[in-house]
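Written below as structure tokens is the structure these notes are about.
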Amino acid sequence: MLLSRLRLRTPGWPKSPLSPAQQTPELLQIRAQHKTAIVTGSARGIGKAIAIRLAEDGYDVTVNDIPHNQAQAEEVVSQIKNLGRKSTLVVGDVSKRADVKQVIETSVKELGPLDTMVANAGIAQVKPLLKLTDDDFRRMFEVNVYGVFNCYIEAAKQMIEQGGGGKLIGAASIVAFKPFAMLSHYSASKWAVRGLTQAMAMEMAAHKITVNAYAPGIVGTAMWDLIDEELGKTTGAKKGDTIKKYTKELIALGRTSVPEDVSKTVGFLAGPDSEYMTGQTIVVDGGIIYT
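Listed below in structure tokens is the structure:
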């Protein structure tokens, strides 16, 4: 996607999308050879694994996370550079549209036109439904739904300005298919991501932008450590016992997922082999949910 870079660097280059006639074979060849991606919430866990996987697949990657996780995010940038790819860090909160715009603007300036947006950032909270406050519900949707919405919309605008084409990928969950008790607002937020992904896919098809999501199951990350600990307070289970119980009773393949299980699927969604897929939410859970 060289078109936006040429607009940035060439005086008088038109700001509107180029027509098919203007997209010469030479430009399109260079565009295909240079790939960039943004991965939000990529300082640790699944987001980190996705950023590393995309770098291994030949992407230059913009790492994004909140200020609290900046040190970890900087380590991810270093890892990507050690793989021989370019990388930059943009700190920001995906629930704020202005922050997302800044992430994209900086990524394009530093790495070049945007090919893939992975809206990975998300939060979880374990709490009985009847004890949820307005703030609990609002914050869950600000990050998990508005965060994905902001990334989808602003990335799509950038891709369209570049002449069209690109990949939008969002973080859903198995709870987007079957909710878990004590995770009601988290479950609702992920159902929203699944629906938004389908609707966005319908509207972006005309611009040759595909929109898909991934739905992890029980993954050995800090988020699931929190879920395990909080569920244990309700059930009396010791720390670690809930994940072990769920793994044994729910997962057909018999092991807890690792972040790389998910990043492999996202690598597929970001790559050329998924070009005829759009509007799908792919379950990666070892056999918990069957759709």
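In our numbering, the protein residues as written are 1 to 291.
Heads up, the beta-carbon is just placed ideally off N, CA and C, and yes, glycines get one too.
Pick helix, strand or coil for residue i, following the three-state DSSP scheme.
i: Met200; result: helix
i: Gly41; result: coil
i: Pro272; result: helix
i: Gly282; result: Sequence check: residue 282 is Ile here, not Gly. It is a strand residue.
i: Leu8; result: Bear in mind that the predicted position of Leu8 carries a pLDDT of just 45, short of 50, making it unreliable; the figure below should be weighed with that in mind. If DSSP states are grouped into helix, strand and coil, Leu8 belongs with the helices.
i: Tyr290; result: coil
i: Val258; result: coil
i: Lys167; result: strand
i: Ala155; result: helix
i: Val126; result: coil
i: Met318; result: Examination of residue 318 is not possible in this model, given that the chain is present from 1 through 291 alone.
i: Ile227; result: helix
i: Met277; result: coil
i: Ala188; result: helix
i: Ala222; result: helix
i: Thr210; result: strand
i: Ala215; result: strand
i: Met140; result: helix
i: Gln162; result: coil
i: Ser263; result: helix
i: Lys96; result: coil
i: Ala237; result: coil
i: Leu132; result: coil
i: Ser107; result: helix
i: Lys244; result: helix
i: Phe177; result: coil
i: Lys101; result: helix
i: Leu253; result: coil
Tell me the rounded alpha-carbon separation between residue i and residue j.
i: Tyr246; j: Asn212; result: 27 Å
i: Leu3; j: Gly163; result: With a pLDDT of 47 at Leu3, under the threshold of 50, the modelled position of that residue is not reliable, and the figure given next carries that caveat. Roughly 7 Å between the two C-alpha positions.
i: Gly279; j: Gln198; result: 4 Å
i: Asp285; j: Asn82; result: 30 Å
i: Ile288; j: Gly217; result: 7 Å
i: Arg255; j: Met182; result: 23 Å
i: Asn69; j: Glu75; result: 10 Å
i: Thr221; j: Pro128; result: 22 Å
i: Ile66; j: Ala206; result: 33 Å
i: Ile123; j: Met223; result: 7 Å
i: Val103; j: Asn150; result: 11 Å
i: Pro272; j: Thr106; result: 25 Å
i: Gln72; j: Leu226; result: 19 Å
i: Asp261; j: Arg53; result: 11 Å
i: Thr234; j: Lys131; result: 13 Å
i: Ile160; j: Thr291; result: 33 Å
i: Asn64; j: Arg97; result: 14 Å
i: Met1; j: Met204; result: Residue placement at Met1 cannot be trusted, given a pLDDT of 38 that sits under 50; what the coordinates show is reported in the next sentence. Between Met1 and Met204, the C-alpha separation is close to 17 Å.
i: Arg139; j: Tyr152; result: 19 Å
i: Ser274; j: Ala37; result: 16 Å
i: Asp135; j: Asp93; result: 17 Å
i: Trp191; j: Gly84; result: 37 Å
i: Ile169; j: Tyr276; result: 14 Å
i: Ala299; j: Lys238; result: Past the boundaries of the shown model lies residue 299; the chain is included only from 1 to 291, so the question cannot be answered.
i: Gln158; j: Val108; result: 9 Å
i: Phe141; j: Lys248; result: 31 Å
Quick one, are the C-beta atoms of residue i and residue j less than 8 Å apart?
i: Lys167; j: Leu269; result: yes
i: Ser294; j: Val145; result: Beyond the ends of the chain as shown, which are 1 and 291, falls residue 294; an answer cannot be given.
i: Ile282; j: Thr265; result: yes
i: Asn120; j: Val39; result: yes
i: Ser95; j: Gly147; result: yes
i: Met117; j: Ala176; result: no
i: Ser263; j: Ala49; result: yes
i: Ala171; j: Val193; result: yes
i: Val100; j: Thr88; result: no
i: Ile46; j: Pro179; result: no
i: Asp228; j: Gly236; result: no
Just checking my contact of residue i with residue j at CB under 8 Å: how many whole Å lie between their CB atoms?
i: Ala55; j: Ile80; result: 4 Å
i: Asp60; j: Leu111; result: 4 Å
i: Leu231; j: Val126; result: 6 Å
i: Ile209; j: Gly267; result: Not a contact, Cβ separation roughly 18 Å.
i: Arg215; j: Ser173; result: Just to set this straight, residue 215 is Ala in the shown sequence, not Arg. That belief holds up - the Cβ atoms of Ala215 and Ser173 are roughly 5 Å apart, short of 8 Å.
i: Thr62; j: Val91; result: Contact doesn't hold; Cβ gap of about 11 Å is too wide.
i: Lys86; j: Gly58; result: With 8 Å as the limit, Lys86 and Gly58 do not qualify as a contact, their Cβ atoms being about 11 Å apart.
Practice item. Write down every uninterrupted run of the beta strand (DSSP E) in the region 37-94 whose length is 3 residues or greater and which is fully enclosed by it, in chain order. Key: 60-65, 87-91
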